[in-house]
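Residue numbers (my numbering): 2 to 90.
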């Protein structure tokens, strides 16, 4: 009986945690923040954002190639549902 109760509680816990979806906080860099960051350097700043079914990420680099490489790395073993690269000078 003890094993049955433990097995049932383990199964119930597994099902509850498997169905819970984690809410991902998507704090994108605002346009004002992008302008402020781009004013700190003379080079062009490339801001990137990528969305996948498992998460969201954003950031910035000083070259378009590095921004695209970062997006590619973020999408390894995942499907990209949204991506963008913006340049601010």
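Just so it is clear, CB atoms sit at the ideal spot from N, CA and C, and this is done for glycine as well.
With contacts defined by Cβ atoms closer than 9 Å, residue 65 and residue 88 form a contacting pair. A direct Cα-Cα distance of roughly 20 Å separates residue 72 from residue 34.
DSSP lists 50 as the bridge partner or partners of residue 85. Between residue 68 and residue 47 a beta carbon distance of about 4 Å is seen, short of the 8 Å cut, so the two are scored as contacting.
For residue 58, the secondary structure class from DSSP, reduced to helix, strand or coil, is strand.
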